[in-house]
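Peer 1:
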Amino acid sequence: MRLSAVPRLLRLQNVFTAAADACAGFGWTGGQWDWGQVGLAAGASACLYSGGMALNDVCDAKRDRTLHPERPIPSGAIPVTAAFSIAAVLLAAGILLATRFGPRAAAAAVQIAIFIVAYDAFGKTSRVAGPLCMGLLRGLNFALGMAAGGALFHDPGTLLPAANLAAFVAVLTLLSTFEEGRRPKGLLAGLVVVAAGALAAPLLYVRMPVRAAGPALLAAGSVLLVGVQAVRRDPDRFLPLVIRTGVRSIIPFGAAILLGTLDAAEPGLVVLGFLAPTWLLGRWLRGS
7 MRLSAVPRLL
17 RLQNVFTAAA
27 DACAGFGWTG
37 GQWDWGQVGL
47 AAGASACLYS
57 GGMALNDVCD
67 AKRDRTLHPE
77 RPIPSGAIPV
87 TAAFSIAAVL
97 LAAGILLATR
107 FGPRAAAAAV
117 QIAIFIVAYD
127 AFGKTSRVAG
137 PLCMGLLRGL
147 NFALGMAAGG
157 ALFHDPGTLL
167 PAANLAAFVA
177 VLTLLSTFEE
187 GRRPKGLLAG
197 LVVVAAGALA
207 APLLYVRMPV
217 RAAGPALLAA
227 GSVLLVGVQA
237 VRRDPDRFLP
247 LVIRTGVRSI
257 IPFGAAILLG
267 TLDAAEPGLV
277 VLGFLAPTWL
287 LGRWLRGS
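Numbering-wise, the working numbering comes out as the position in the sequence shown, counting from 1, plus 6.
1. What is the rounded straight-line gap between the Cα of Met59 and the Cα of Phe280?
2. Using only CA atoms, which one of Ala154, Arg250 and Arg14 lies nearest to Leu102?
3. Between Ala135 and Ala127, what straight-line distance do the alpha-carbon atoms span, to the nearest angstrom?
4. Can you tell me the Cα-Cα spacing of Leu194 and Gly33, whole angstroms?
5. Secondary structure at Arg106, three-state DSSP: helix, strand or coil?
6. Comparing C-alpha positions only, which one of Gly187, Glu186, Cys139 and Phe159 sits nearest to Leu171?
7. Look up Gly156 in the DSSP assignment and say whether it is helix, strand or coil.
8. Using the three-state DSSP reduction, which class does Ala225 fall into: helix, strand or coil?
9. Which stretch, first to last residue, makes up the alpha helix (DSSP H) that contains Met59?
10. Using 8 Å for Cβ pairs, my map puts Ala207 next to Val177. What's the rounded Cβ distance?
11. Would Gly266 and Ala204 qualify as a contact pair, given that the criterion is a beta-carbon distance under 7 Å?
12. With a 10 Å radius around its C-beta and 16 neighbouring C-beta atoms as the bar for buried, classify Gly274 as buried or exposed.
13. Mapping DSSP to helix, strand and coil, what is Gln38?
14. Quick check: what's the CA-CA separation for Ala52 versus Val232?
15. Does the Cβ-Cβ distance between Ala26 and Ile263 come in under 7 Å?
16. Our contact map puts Ser245 next to Glu185 with C-beta atoms below 8 Å; I'd like the distance itself, whole angstroms only.
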């Protein structure tokens, strides 16, 4: 096994998007911001995300021999048994870290692991079940951060940003199903607009929308700009870029939640700073 291939297996460039979910969920509770506790919650989310990515490649091993022979498993860089072991260890580590925050966080982590297995094993083949499952995963990831922050979930309104994130990711996942095959332009345009609107939606419910406007509009505008290019010019070239941009836009979405909720700006600015390692790792691991 080549250790240099492990970051590509884990999609390390996108791990910070999962950490941003947990950070935003923690801050949304409005409790005291504790960097150590936030770090543990972000670590749990990162482990679950990375484990899911490794399991995804295990489940796609046969398919990738034809479609993505350069990936770690079909290229022979990582044996499928080793990739499965890595996935299992990371999923277990994510659940174990979540138990530090009590039964609610542990339950959220277990549900995330269950939906990861369901999506990787069979959900991704359905244009309906796949997006719904992926949306639920991201929503639960946000809820994991909330549980770590002490949320009791007594008021359904507290789950609004989790539902917002889930809706965005479901739409983005649905968009990704059109990377191959027929692409109705009207439907693609509608999905792009809905996705951009979902990224800007926190401005409607955060306590300080003016502070949240910068990152929220950055996220929405980026997806809208690239999405227009995909619909009008070259879907083959731009649609994968829409998906990549959308995934990374989860970071400014989380920053907008934090800047619009907490009096202190530092947590939101730190999360917004996750864009830097995400971009740098993305350049290094391009093609994975």
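Glycine residues also receive a C-beta, built at the ideal position from the N, C-alpha and C atoms. Keep in mind that this is a model prediction, so the values were computed, not measured.
Peer 2: Quick answer:
1. Each residue's Cα considered, the two are about 19 Å apart.
2. Cα-wise, what sits closest to Leu102 is Ala154.
3. Taking the CA atoms as reference points, Ala135 sits about 12 Å from Ala127.
4. So the two alpha carbons sit approximately 33 Å from each other.
5. For Arg106, the secondary structure class from DSSP, reduced to helix, strand or coil, is helix.
6. Of the listed residues, the one whose Cα sits closest to Leu171 is Cys139.
7. Assigned with DSSP and collapsed to three states, Gly156 falls in coil, not helix or strand.
8. Here DSSP, grouped into helix, strand and coil, assigns Ala225 to helix.
9. Segment Trp41 to Cys65, the alpha helix (DSSP H) holding Met59.
10. At roughly 12 Å, the Cβ-Cβ gap does not stay under 8 Å, so Ala207 and Val177 are not in contact.
11. Cβ distance not < 7 Å, so Gly266 and Ala204 don't count as in contact.
12. Note on Gly274: 16 or more other CB atoms within 10 angstroms of its CB, so buried under the neighbour-count rule.
13. Note: Gln38 maps to coil in three-state DSSP.
14. Spanning the two alpha carbons is a distance of roughly 27 Å.
15. Not closer than 7 Å, so no.
16. It is Leu, not Ser, that sits at residue 245 in the sequence shown. The C-beta separation of Leu245 from Glu185 comes to about 5 Å, placing the pair in contact by the 8 Å criterion.
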